[in-house]
Every structure is written in C-alpha cells, then in structure tokens.
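Participant: Chains as they are written, first to last, in this note's numbering: chain Y, 1 to 195; chain C, 1 to 195. Glycine residues also receive a C-beta, built at the ideal position from the N, C-alpha and C atoms. Bear in mind the structure is a predicted one, so any value in this text is a computation, not a measurement.
Protein chains: 2
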Amino acid sequence: MARTQGSHSDITRPKVAEAALRLFARHGYAAVSMRAIAAEVGVQVGTLYHYTPDKQALLYDLLSGHMAALMAAHDGLDQTGDAAARLERFVRFHIGYHLDRPEAVFIAYMELRNLTLANFTRIEALRRSYEDRLEAVLTAGAASGAFHVPDSRIATMAVIAMLTGVTTWYRPGGRLTGADVADLYWDMVCRAVTA
Amino acid sequence: MARTQGSHSDITRPKVAEAALRLFARHGYAAVSMRAIAAEVGVQVGTLYHYTPDKQALLYDLLSGHMAALMAAHDGLDQTGDAAARLERFVRFHIGYHLDRPEAVFIAYMELRNLTLANFTRIEALRRSYEDRLEAVLTAGAASGAFHVPDSRIATMAVIAMLTGVTTWYRPGGRLTGADVADLYWDMVCRAVTA
DNA sequence: GTCTATAAGCCGATAGAC
DNA sequence: GTCTATCGGCTTATAGAC
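#1: Thinking just about the alpha-carbon of each residue, which of 175/C, 192/C, 107/C is nearest to the one in residue 22/C?
#2: Given residue 44/Y, which residues of its chain have a CB within under 7 angstroms of its CB, disregarding the five upstream and five downstream residues?
#3: At least one CB of chain Y closer than 7 angstroms to the CB of residue 20/C: is that the case?
#4: Under a CB-based cut-off of 7 angstroms, is residue 191/Y close to chain C?
#5: Starting from the N-terminal side, write out each stretch of the beta strand (DSSP E) that is 3 residues or longer and does not extend beyond the segment 16-85 of chain Y.
#6: Residue 184/Y and residue 111/Y look like a contact to me (Cβ under 8 angstroms); what is the Cβ gap, rounded to whole Å?
#7: Is it buried or exposed, residue 11/Y, if we count other Cβ atoms within 10 angstroms and call 16 or more buried?
#8: Can you pull the chain Y neighbours of residue 181/C, defined as C-beta to C-beta under 8 angstroms?
#9: Count the other CB atoms within 10 Å of the CB of residue 60/Y; is the residue buried (16 or more) or exposed (fewer)?
#10: Leaving aside the five residues before and after residue 73/C along the sequence, list all residues of the same chain whose C-beta is less than 8 angstroms from its C-beta, in chain order.
#11: Going by DSSP, what residue range makes up the alpha helix (DSSP H) through residue 111/C?
#12: Any beta carbon of chain Y sitting closer than 7 angstroms to that of residue 169/C?
#13: Which residues in chain Y sit within 8 angstroms of residue 74/C, going by Cβ to Cβ distance?
#14: For residue 50/Y, which of 9/Y, 144/Y, 78/Y has the nearest alpha-carbon?
#15: Counting only beta-carbon atoms, is residue 158/Y nearer than 7 angstroms to chain C?
#16: Answer yes or no: does any C-beta atom of chain Y fall closer than 7 angstroms to that of residue 141/C?
#17: Using 10 angstroms around the beta-carbon of residue 173/Y, count the other beta-carbons present and answer buried if the total reaches 16, otherwise exposed.
#18: Could you tell me the alpha carbon to alpha carbon distance between residue 120/C and residue 55/C, rounded to whole angstroms?
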C-alpha cells in the first residue's frame with residue numbers, strides 16, 4: 001500500500017530540507033538557529049524534531065544527498081570516445097550541474113568544518129571518489145599520448161577548482177549563459193592539458 | 001617619545017588578532033565566541049573589549065589587513081618584460097603568498113557573508129582591484145597577440161580560482177614543495193592562455 | 001503532526017572595582 | 001590593563017498536551 005498522499009508529513013518534510021538548505025547557504029550553518037528554520041518552514045521549533053534528530057543531521061543529510069545526486073548524475077554521462085571527448089563531457093557536465101544548484105554546491109564546500117568528524121569522513125570519501133572520476137580521464141589521455149599531464153592529481157585538483165569557481169561569480173541573466181561559460185572553460189581546460 | 005616598550009597592550013593586542021584568526025579559520029566566525037577568543041589569548045572576556053569595539057571589527061580588521069598586505073606584496077612584483085613573463089610572476093607570487101598564509105586566505109573566502117554590508121562592500125572592492133591586476137596582464141598579452149583570451153574577465157576568474165584552490169589540498173611536508181606546485185600550475189596556466 | 005512550555009546553558013556586550 | 005559580575009536575550013533539545 002502506498003502512503004496516504006499529501007499528508008502533512010509528505011509536505012513538511014521536504015520543506016524542512018529546503019528551508020535548511022536556503023538558510024545554511026545564505027547565513028552559514030552556525031549562524032542559523034532551529035527557530036529560524038522553523039519560521040522559514042512555518043511551524044514551531046518543536047515540530048522540526050519530528051523530522052530530524054538534531055541540527056547536525058539536517059546538515060549531513062543535505063551534503064550527503066548532494067554528493068549522491070552528483071555521482072548519480074555523473075553515472076549517466078556518456079563514457080565512449082577518446083579522452084578529449086570524455087573530458088569535454090565532464091567539463092560541460094560539471095559546470096552545468098553546479099550552476100543549476102548554487103546553494104547545495106555552496107554549502108558542500110563551506111560547511112565541511114561544521115560536520116562531526118564521522119560525518120566529515122563520509123562526505124570526504126564521496127568527494128574524493130568524484131575527483132577520481134576526473135583523474136581517470138586525465139590519466140587515460142596521458143597514457144594514450146593525447147594529453148600532457150605531468151601530475152594527474154594536481155591537474156585534477158586544478159581543473160575541479162577552476163570549474164567549481166564559476167559558482168562564486170556566475171549570476172543567471174548576466175552577460176553570459178551557462179553554455180557560453182562552459183564553452184570558454186572547455187577551451188581553457190582543453191588547451192591546458194592537450195599534448 | 002616612543003611608547004613604553006613591551007607594555008601589556010603591545011603584547012596582548014597582536015595576540016587577540018592571532019587568536020581570532022586561528023579560531024575563525026578553524027571553527028568559523030559564527031561558531032567562535034568572544035569567551036573562546038579570550039581563553040585562547042589567556043585573558044577574561046571583558047579584556048577583549050579594550051582592543052576591539054566588537055566581534056565584527058575583529059573579523060573586518062583581519063580581512064582588510066589580509067587584502068592590504070596582499071596588495072602591498074603584489075606592488076613589489078617586477079612588472080617588466082612581456083605579458084608571459086608578467087603572468088608567470090603573478091602565478092608564482094599568488095601561489096607562494098597564499099600557501100604561506102592558509103588561515104588568512106581561508107577566512108578571506110569563507111567569512112565574507114559574516115561581514116556587515118558596509119564592511120563587505122569595502123572588502124569586495126579590494127578583491128576586485130586585485131583581480132583587475134591579473135586581468136590587465138591577460139588583456140595586455142591578448143593585445144600583443146601573445147595570448148589567446150576570448151574573454152578576459154572569465155579567464156581572470158578561472159585562473160584565480162585554479163590558483164587559490166591549492167590552499168584546499170596543499171599540506172607542507174607532503175609529496176610536493178610549494179615550488180613544485182607553482183611549476184605545475186604555471187605550466188597549465190601558460191598553456192591555457194598562450195596563442 | 002503540531003503545539004506550548006520549559007530545562008539548562010551560552011551569547012555579546014557593559015559597568016565598575018582594582 | 002585586567003578583572004569580576006551582570007544584563008537581557010538567545011541557544012539546542014525535550015516533555016507532554018491536544
């Protein structure tokens with residue numbers, strides 16, 4: 001049997017996560033009180049504890065959900081073709097995915113230090129495994145002679161930092177579309193690693 | 001007349017700034033209490049207000065001091081030679097300066113949202129003027145035909161994000177020295193923008 | 001499922017003694 | 001220059017009514 005459709009729980013639960021995401025991104029985890037989240041949802045503070053054991057779980061669930069969704073989306077990427085084709089797809093995917101979720105990306109980078117050690121370790125493992133997917137493409141290109149990559153780990157970190165950086169300045173409706181930005185970044189990444 | 005040497009004020013004042021820098025970098029501005037800063041310095045909380053009007057001023061002074069020192073250090077850079085030579089000096093300077101001050105760099109990027117609007121505006125102006133110095137080099141190289149830079153603003157943001165990213169993973173005593181890292185990054189930046 | 005009330009404690013900042 | 005004591009208010013989380 002399916003659950004009763006449209007129960008208060010089904011409506012309120014996602015609102016809690018959305019409110020926490022929005023407020024954590026805007027003001028930072030430590031600066032946001034459970035009362036502020038409750039007010040954003042439109043309930044009293046006690047109600048929040050029906051949906052989360054504590055404030056830390058709210059943050060961890062947001063970060064872990066974001067990383068899981070990122071990996072799942074990347075799983076759908078076409079992995080055929082040569083290393084350059086795979087790298088171009090990665091660059092366009094990474095920029096597009098990040099530009100579409102500025103708040104989740106922001107807290108995924110900014111709030112790591114507010115995780116408990118156990119939660120931090122889990123999130124770091126997910127992040128590392130995403131980075132490894134890019135490194136694998138760079139290593140394959142270097143092995144085939146298509147790429148010039150003296151140090152694949154440093155090249156990976158450099159490319160990721162460069163691509164993720166778009167979220168710090170990009171604003172929809174500005175001078176460039178997301179596709180324009182992806183074109184410009186792919187041009188730079190391609191030139192930086194091509195043999 | 002010079003002030004009395006080694007007064008308590010001369011000793012305590014820098015300790016307050018250092019303690020605030022260390023704790024803000026480690027736990028975040030919002031998560032650090034004035035009591036925690038006082039304990040780190042080794043005084044009681046009331047004493048802190050002899051050195052700062054409030055907690056916000058502690059943060060603003062750290063960020064504004066960091067940006068001013070960065071600009072002053074960059075002012076000392078050799079600006080002779082062609083665009084490629086100037087760009088290489090910028091890359092090596094930026095990486096070296098940032099690797100030497102990981103805590104100041106960290107809070108300069110992470111704590112912007114905890115500034116009051118007035119203070120944020122001032123810091124953003126300083127940051128923009130630093131970015132403009134890199135953009136001027138890229139524009140000069142494009143004008144002389146040495147560089148391929150379709151959009152100088154985006155190239156500026158991409159290079160800065162890539163270079164500053166070293167602070168998220170670099171650890172002294174690791175596999176690579178700061179000079180090794182600078183060599184690898186200069187190789188990538190040079191290839192990304194050279195015509 | 002949501003509410004109110006409350007526990008126990010920390011917050012930034014100030015006043016005034018020494 | 002540093003201390004202690006204190007103000008009013010905010011914090012996370014829980015208990016129990018409805």
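Facilitator: The relevant details are as follows:
#1: 107/C
#2: 38
#3: no
#4: yes
#5: none
#6: Not really, about 29 angstroms apart at Cβ, beyond 8 angstroms.
#7: exposed
#8: 154
#9: buried
#10: 93, 97
#11: No alpha helix (DSSP H) holds residue 111/C; DSSP gives it neither H nor E.
#12: yes
#13: What residue 74/C touches in chain Y: nothing, since even the nearest Cβ is about 20 angstroms away.
#14: 9/Y
#15: yes
#16: no
#17: exposed
#18: 15 angstroms
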